[in-house]
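See structure below.
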Amino acid sequence: MLTQCTQDPIEFQGQSGRAVEADFGGGQITSDGGGLLLREVAARTNLIVDVASCFTDRRDPSYTTHSLKELLAQRVLGIACGYEDLIDHDRLRANRMWSLLAGKADPATQPVAGKSTLNRLETSVGRGPEQPERYHKMSLDEEAFEGLFADWYVAAHRGEAPSEVILDLDLSDVALHGDQQDRFFHGYYDHYCYLPLFIFAGEHLLWADLRPADRQDPEETIEAVARITDKLRAAWPGVRIILRADSGFAGDELMCWCEAHGVDYVFGLAGNSRLKQAVAPHLQAAGRLSAHTGRSERVYHEFAYQTRRSWSRPRRVIGKAALSEGDPNPRFVVTSLHGGRWAAAECYEQLYCARGEAENRIKEHQLGLFGGRTSCAAMAANQLRLWWAGVAYWLITELRRVGLAGTRWARAQAQTIRAELGKIDALLRVSVRRVYLALSSGYPWKDTFGRWPAISAAGGSPRGADLRQLRPLLKPYDIPPLGEL
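Each residue of the sequence shown is one higher than the last, beginning at 1290 in our numbering.
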């Protein structure tokens, strides 16, 4: 860290007869001024408090510099603001803005934690009682953590109980470049990877479970769906639940569980010779129709189908007979939905094809919020990193859903929100009575920034708060005292 002394200016190429010089005497200027928005969301929804409730901290308070909540806020907000790796936090230690975002009592004198302290938080997860705990004194209730996302989803709809919830299930590869626990070379993806299971309801993340790539146990998927279903039905007894996924989930075990528990499903179905034979006449009809209209046409056909060995009963299958550049390109789905409500074309085009939006959410989680950064040696620590990205994703989701409603960023990706709203230059000053941030006068959306609403403080935790109540957040260049935020 540079000392506070007079420095010789750095000279650059002149312009229009004027010298161009620079030095590092501007004071405590940060480029993360927009992090106040995420801090506001985290504080008024108590997301970090909920996460902290899943941990047990056995450290001696008299020797503790960074509280558990400060560590969690620093790690999660760091991911949301674009700092994916632990080593980044060594460079942020002297940044007063990050002391403010982490919740330090005195941002002027109390730095945030470095990479080693945050690393001990992550690597302490999954350690058994037989392992030494001299340096790892924080443990995690993993079952409680993985249930948080569904709790937050229910809370986000308080007072607005939906009549129907569609759960999108999908797997996504996470590439591995080291000797991580349970790594496996997957032939389809052509690299070592994990295959985590994600479950979304619209844009809301409900489940993120890290799994090895060499085995996908349907019982684990059923357990995840059952836990989410129980939470949804406990909150909304009359809700209808529909599972939507690709052909990898069209196994008899999951479909039998759905049928036994009143859960509907629509899954992709891999084609085979029997299925293709069933739609062969309709492919010919689609070809004749295309020749007549001059454009691509499709014909739908539904029928009862049962595999010869793997399925325990016949099920409704919808076949889409279509040509792709003149070649047959049939597609199939299997569903428990009746044709009276969902005709074949509507079930395929309007319901099943909409599952592609979940893939966009997974990309945002993995690429925009670094959910693929599973570089720890232990599987449990990598699972925790997947959940860190999940909590950061929830912060962005709540900021979009409430704080950015009605603005150009209401549907923006995390990367766009970070670049346009998070990276704001600000001069930070700390006095006895307040923390003051002078935001950049050249910021292009300062008028909108001053009108943004924030999540109401009513009820504290999102599991008990009515998130529909709004209030103004900040006015340009008029930051209230820290205690009033």
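Glycine included, every Cβ here is placed at the ideal spot set by N, Cα and C. Predicted model only: the values in this text are computed from it and were never measured.
Query raised in the report: Are the segment 1370-1382 and the segment 1303-1312 in contact at 8 Å, needing three or more beta carbon pairs?
Result: no
Report task. Assign Y1589 to one of two classes, buried (16 or more other C-beta atoms within 10 Å of its C-beta) or exposed (fewer than that). Result -> buried
Query - Element boundaries [beta strand (DSSP E), containing Q1672] - result: Run containing Q1672: none in the beta strand (DSSP E); it sits in the alpha helix (DSSP H), 1668-1687.
Report task. Just confirm the distance between the C-beta atoms of L1572 and P1507, as a whole number of angstroms; I'd bet it's less than 8 Å. Result -> L1572 to P1507, Cβ: 32 Å. No contact.
Query raised in the report: Do the segment 1513-1523 and the segment 1535-1554 meet, that is, are 3 or more Cβ pairs less than 8 Å apart?
Result: yes
Query raised in the report: Among residues of its own chain, excluding the 5 on either side of Y1641, which ones have a beta-carbon nearer than 6 Å to its beta-carbon?
Result: V1555, V1622
Query - H1475 - partner residues in DSSP beta bridges - result: H1480
Query - Complete alpha helix (DSSP H) runs within the segment 1373-1404 (minimum length 4 residues, chain order) - result: 1377-1381, 1385-1391
**Report entry** Beta-ladder partner(s) of H1590, from DSSP
**Finding:** G1608
Requested in this report: Give the single residue among A1681, H1581, Y1594, V1568 whose Cα lies nearest to the Cα of A1539.
Outcome: Y1594
Query raised in the report: How big is the Cα-Cα spacing for I1725 and R1718?
Result: According to the sequence as given, residue 1725 is Tyr; it is not Ile. Their Cα atoms are separated by approximately 5 Å.
Query raised in the report: Under a Cβ-count criterion, where at least 16 other Cβ atoms within 10 Å of its own Cβ denotes burial, should Q1639 be classed as buried or exposed?
Result: exposed
Query raised in the report: Candidates E1648, G1467, D1349, P1501: which alpha carbon is nearest G1491's?
Result: E1648
Report task. Would you give the residue range spanned by the beta strand (DSSP E) that E1300 belongs to? Result -> 1299-1304
Query raised in the report: Which runs of the beta strand (DSSP E) spanning at least 3 residues fall entirely within the segment 1492-1525, listed in chain order?
Result: 1493-1498
Requested in this report: Within its chain, find whatever has a CB closer than 7 Å to the CB of W1600; leave out the 5 residues flanking it on each side and keep chain order.
Outcome: D1541
Requested in this report: Check the DSSP bridge columns for M1427 and list the partner residues they point to.
Outcome: D1346
Report task. Could you check what DSSP says for T1798 in three-state terms: helix, strand or coil? Result -> As shown, the chain starts at 1290 and ends at 1774. That puts residue 1798 outside it, with no answer to give.
Requested in this report: Name the one or two DSSP bridge partners that A1727 has.
Outcome: L1716
Query - Assigned exposure category for E1413 - 16 Cβ within 10 Å defines buried - result: Position check: residue 1413 holds Ser in this sequence, whereas Glu was assumed. Buried: at least 16 other Cβ atoms inside 10 Å.
Requested in this report: Just tell me which of P1619, T1398, T1705, D1462 has its CA closest to the CA of G1476.
Outcome: D1462
Query raised in the report: By the 10 Å Cβ neighbour count, where 16 or more other Cβ atoms means buried, how is Y1352 classified, buried or exposed?
Result: exposed
Query raised in the report: Just reading off the beta strand (DSSP E) that L1458 is part of, what are its end residues?
Result: 1453-1460
Query raised in the report: Around the C-beta of P1485, are 16 or more other C-beta atoms found within 10 angstroms, so that it is buried, or is it exposed?
Result: buried
Requested in this report: List the whole-angstrom C-beta distance separating L1532 from L1626, where the pair is believed to meet the contact cut-off of C-beta under 8 Å.
Outcome: At roughly 11 Å, the Cβ-Cβ gap does not stay under 8 Å, so L1532 and L1626 are not in contact.
**Report entry** M1668 versus T1510, C1482, V1606, residue with shortest Cα-Cα distance
**Finding:** C1482
**Report entry** Enclosing beta strand (DSSP E) for E1449 [first to last residue]
**Finding:** It is not in any beta strand (DSSP E) - E1449 carries neither H nor E in the DSSP assignment.
Query - S1305 to T1319 span [Cα, whole Å] - result: 30 Å
Query raised in the report: Taking the DSSP output, what are the residues bridged to V1555?
Result: R1533, T1624
Query - E1431 CB to nearest heavy atom of the ligand FMN below 7 Å - result: No copy of the ligand FMN occurs in the structure displayed, which carries no ligand at all.
Query raised in the report: Should D1349 be labelled buried (16 or more other beta-carbon atoms within 10 Å of its own) or exposed?
Result: exposed
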